[in-house]
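Working notes, beginning with the structure itself.
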Amino acid sequence: VTREELIIERQANIRARQAFLSGRARPLEFRLQQLHALMKMIKERESDIATALKQDLNRYDTPLLELTGLENDIKMAINKLAVWAAPRPVERSVLTLRDQVYVQPQPLGVVLIIGAWNYPWALTLGPLIGAIAAGNAAVVKPSELSECSSLLLRALLPRYLDKDLYPVVPGGVSETQELLRQRWEHIFYTGSSSVGRLVMEAAAAHLTPVTLELGGKSPCYVHPDCNIRVAARRITWGKFVNCGQTCIAPDYVLCDPSVQNQLIECIRLTLLEFYGADPKSSPDYGRIINQRHFNRIMSLMEGYTPVIGGQSDASQRYIAPTVLRDVPPQSRLMQEEIFGPVLPLVAVSDIDDAIRFINEREKPLALYVFCTDQKGIDKMLEETSSGGILINDVLMHYTLNSLPFGGVGQSGMGRYHGKHSFDQLSHHRSCLVRSLTMESVHLSRHVAPHFHLGRQRHRRRPGAHGHPSGHSAHCSRTQLHLLVLEGNLQLLLVTWDRPGLVLV
Amino acid sequence: METHSAVLQKLRNTFRSGVTVPEKFRRSQLTQLLTLIQENEEKILGALHKDLSKPKFEAILSELEIVLNELHFALSNLRNWMQDEHVSKILATKVDECFVRREPLGVVLIIGPWNYPMHLLLLPLVGAIAAGNCVVIKPSEVTSAMEAVIAELIPKYLSPDCFTVVCGGAEETKALLKNKFDHIFYTGSQSVARSILQAAAPLLTPVTLELGGKCPCFIHERVDIIAAAHRLAWTKYFNLGQSCVAPDYVLCTKETRDLLVPALKQVLLEFYGEKPQECPDLARIVSPKHWTRIMGLLGKSKGKVVLGGESDEDSKYIAPTVLVDVPEDDSLMQEEIFGPLLPLLTVSSVDEAIDFMNNREKPLALYVFSDDSSVVNTVLKKTSSGGFCSNDGIIHMALPGLPFGGVGASGFGNYHGRWGFETFSHKRAVLLRGWALERLNGLRYPPYTDNKLSWLRWTTSPKSCSIL
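Note that the protein sequences, when read in sequence, are chains P and G. Using the UniProt record's numbering, read the first sequence as starting at 1 and increasing by one per residue. Using the UniProt record's numbering, read the second sequence as starting at 1 and increasing by one per residue.
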């Protein structure tokens, strides 16, 4: 046994593949059983998970919100699996009227799931639900930054799920690199754009398709005509939940200078309502994941005088809910995703200015617009692009699993949640099941020399679609051509919404 | 001569202006593409003949008709495809509008191959235009006559601010790929696909890869051998075997093989006559390089030629050829043949055939000939491939309702019909809320309590709306 053979990551890939090839992940009963087991794990171990999250991120109740999304996805998968996995018939043409024509979703094989640290359960198990439902094996690599959650997942998953089909492989950068050297049928990555690039590059060697759930700066535009009080509450919630460490948190606010003051006051009031006068002592306010990110966010704030907050405590990795006004668009703060409890307000003159600002930057994962006027809403919808867009609220589209969740451009590629997870991790195989009858009909396409069009002696008259036709007639969406071939009168039927050629 | 980046900037500016988005514009460009084909049939057929000696019959079916059908299909269905898709809601969003909106991606790149230089370039183009994008079109330089025709006609019929043709070989393509696109659609080989992915990764450009591989064809003993031979020969020798979905090799029992060979002999006579080299219904190999490659495979092969085998270097001709006694590790089994050589390999059972296929990379297409539906179903269930067709070949590609694409080494992503539209679109999740129900929203705000939490779980669960 060589050193290479001993490598954990390689072993996990090989074992998962062998388990997949055994065929046991394929039957629907098995998939359902695994999904039920996953549900059981989440329900039975809720308090352990909550403890882990408290230690990783100082989260109290939001851990359970993290699990609610998973529960909904599992329930939906269990209810709908039979429908999702069944053949999906498609429309047939004249030539295939007697055949079976359908799309059959199939498992891909072995999927690599790389989770993130900010919602270590939702973002690691979410893709796993899709992988299981679609009949795949999956190697799960939780983020090492959310240490307690990672350790707990490693302990729990093998106790509830098939441990060869769904192994958990821990580790940091070098372990992830080793995993990326193996061959996968799909890689599902959640995290930063910079690592996303590396994942895609590694996948290129094996021609592996990838789903990348990345981030970026999600803008939030506040129009003067909106209900500022309610907008402030919603934005405050979305921004400071999990201490700003949410890929779809409103990263910064764009608003008219006339609105800035009112917005700031409403946010101040809301923060008081949510976390009290001293957020540090509120059990509902989170912490930054580690020292490196703490330092990163602190340095982004340098040079600014906050209008709200600004306090910090490095020993606890605590940063107070902070709001900064009149932030220059070219500042460092506006260059990278903040991923922390710092909310810059950038002044724009009107909705067109806001649209221009947004479009000058990379397409974000989420775009938020607070506006009452329908025309303004439509303008925003039509003139911008983003993974998802919410009008008059934040984050909520994540909770609706009938909506696809994913980015575009630098914010990612692919999508999941609900049925989208199943479809993303399946191969949609086209199937045409024919019989060997009707061969006389098909003789038309075989080139028998004496029927060859190239040798026709009649002169071709230009007809629609360049058919050599002597006569053509319209008949709703079908066109009939009378063809004279070598003295034999043939009827050529061409339909275009149902393409096919029939020689009768 | 504009540089790539200048060209791209122009397209990007056009896209930003929003002109490609309205249905009317997309419809007008699709209609223009229709006219392009209708008004230039002779020119196109002439170019195809020059490049590949493509018989007119084949060219009309596989290069013109198929594109025209796709265009009509897109024109008929465009409005439908563009509709917002409303989705089911949970209680928390009951009074909101929730839908998925398909949006154009922006500026996309389509790289076409040489074997069906019109079809495999224009079919993705239909999807890209229907989805409202601007497109950089890169035809294959190998089929130079067709390349010139594309470069001449596209600017004449399509809006030059939105659609550009870029010509050139490997170097130009490499340079082109240094630019950012919103999607790259590539049809071709695995080795080039890898370098495209490597170029796309640092720019996080999504890619669709339509590749190839060796498409196996299993012929079961319970079958009308003459009918099967007709269909097999047609799909194999169409375009002289240069189709990504051509049956690359056959698996059958010895007994079946002994019936198949004379059946094929009869069929080949029927199709191409006594002197196939003189028959105008056979295409030619695209280039001396490929001719040499295929002849090299034949030369190294340990199999026995039972039909055909003739060739002529000057005209790049290779006869429709059938070989038997081909071992598993033969030269013909190392790479995709992409030529008119058909090896017949023997297996002793359906299961052996399935194992054989499963020990290899997932192909773009997989074929089974049998009258026994249980055999067809068994192969269907136990294998994977881009597409599957029983008792025929290639034709599954002509159905716009079916997605066309590979899996594993044969590629990822798909197109045709609505699938093409979706490939070139971004599915944007849209949630429009109002100001009401802030009290309901209040359940989610701190200070957190267990009571609030249980209400919240109820309102966000999928079952909650059925109660109201």
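Positions of the beta carbon are idealized from the N, C-alpha and C atoms, including for glycine.
Residues are counted here when their Cβ sits less than 8 Å from a Cβ of chain P; for the segment 172-183 of chain G these are Asp182, given in chain order.
Of all residues in the segment 50-63 of chain G, the ones placed with a Cβ closer than 9 Å to any Cβ belonging to chain P are Pro55, Lys56, Phe57, Glu58, Ile60 and Leu61, in chain order.
Closest option to lysine 239/P, judged by alpha-carbon separation, among Arg233/P, Ser299/P, Ser258/P and Ala249/P: Ala249/P. Close to chain P, meaning a Cβ-Cβ distance shorter than 9 Å, are the following residues of the segment 419-443 of chain G: Trp419, His426, Lys427, Arg428, Ala429, Val430, Leu431, Leu432, Arg433, Gly434, Trp435, Glu438, Asn441 and Gly442.
Here the alpha carbons of tryptophan 237/P and histidine 428/P stand approximately 40 Å from one another.
For tyrosine 317/G, the CB contacts under 7 Å within the same chain, skipping 5 residues up- and downstream, are Gln277, Arg284 and Ser311 in chain order. If only uninterrupted beta strand (DSSP E) runs of at least 3 residues are considered, those enclosed by the segment 337-394 of chain P are 342-347, 366-370 and 388-391.
Against phenylalanine 388/G, the close residues of chain P are Gln104, Arg429, Ser430, Cys431, Leu432 and Val433, in the order they occur along the chain (beta-carbon pairs closer than 9 Å). Taking 9 Å as the upper bound on Cβ-Cβ separation, chain P lies near residues Cys98, Phe99, Val100, Arg101, Glu103, Pro104, Leu105 and Gly106 of the segment 98-113 of chain G.
In terms of Cβ geometry, isoleucine 129/P and leucine 70/P form a close pair [threshold 8 Å]. By the CB criterion at 8 Å, glycine 388/P and alanine 354/P fall outside the cutoff. Around the beta carbon of threonine 305/P, fewer than 16 other beta carbons sit within 10 angstroms, so the residue counts as exposed. Look at the segment 12-39 of chain G: the residues with a C-beta under 8 Å from a C-beta of chain P are Arg16, Gly18, Val21, Ile37 and Gln38. Proline 167/P places its beta carbon 8 Å or farther from that of arginine 24/P. In this structure, the CA atom of phenylalanine 369/G is about 7 Å from the CA atom of aspartate 392/G.
Spanning the alpha carbons of tyrosine 119/P and phenylalanine 422/P requires a straight line of approximately 21 Å. Per the Cβ contact rule, the segment 193-211 of chain P is not in contact with the segment 226-237 of chain P (fewer than 3 Cβ pairs under 8 Å). The C-beta of threonine 176/P has 16 or more other C-beta atoms within 10 Å across all chains shown, which makes the residue buried. With 16 or more other Cβ atoms inside 10 Å of its own Cβ, arginine 26/G counts as buried. Not a single C-beta of chain P is nearer than 8 Å to the C-beta of asparagine 239/G.
Straight through space, the alpha carbons of lysine 54/G and leucine 48/G are spaced by roughly 6 Å.
Per DSSP, the beta bridge partners of cysteine 220/P are Val253/P and Tyr368/P.
For secondary structure counted as the alpha helix (DSSP H) over 4 or more consecutive residues, the segment 40-79 of chain G holds these complete runs in sequence order: 41-52 and 56-59. Restricting attention to Gln32/G, Leu64/G and Val95/G, the CA atom closest to the CA of leucine 121/G is found in Leu64/G.
Annotated three-state conformation of methionine 413/P is strand, per DSSP. Here the alpha carbons of threonine 51/P and serine 140/G stand approximately 59 Å from one another. Judged by DSSP secondary structure, threonine 205/G falls outside any alpha helix (DSSP H); it is assigned neither H nor E. DSSP places threonine 187/G inside the beta strand (DSSP E), whose first and last residues are 183-187.
Judged by pairs of C-beta atoms under 8 Å, the segment 218-225 of chain P does not touch the segment 422-434 of chain G, as fewer than three such pairs exist. Closest by C-alpha distance to leucine 61/G, out of Lys94/G, Met118/G, Gly106/G and Ala6/G, is Met118/G. Within the DSSP bridge table, the entry for alanine 203/P names no partner. For isoleucine 90/G, there is no enclosing alpha helix (DSSP H), as DSSP marks it with neither H nor E.
Per DSSP, reduced to three states, the secondary structure at glutamate 336/G is coil, with no helix or strand assignment. When secondary structure is reduced to three states using DSSP, arginine 27/G falls in the helix class. A distance below 8 Å separates the beta carbons of alanine 353/G and leucine 251/G.
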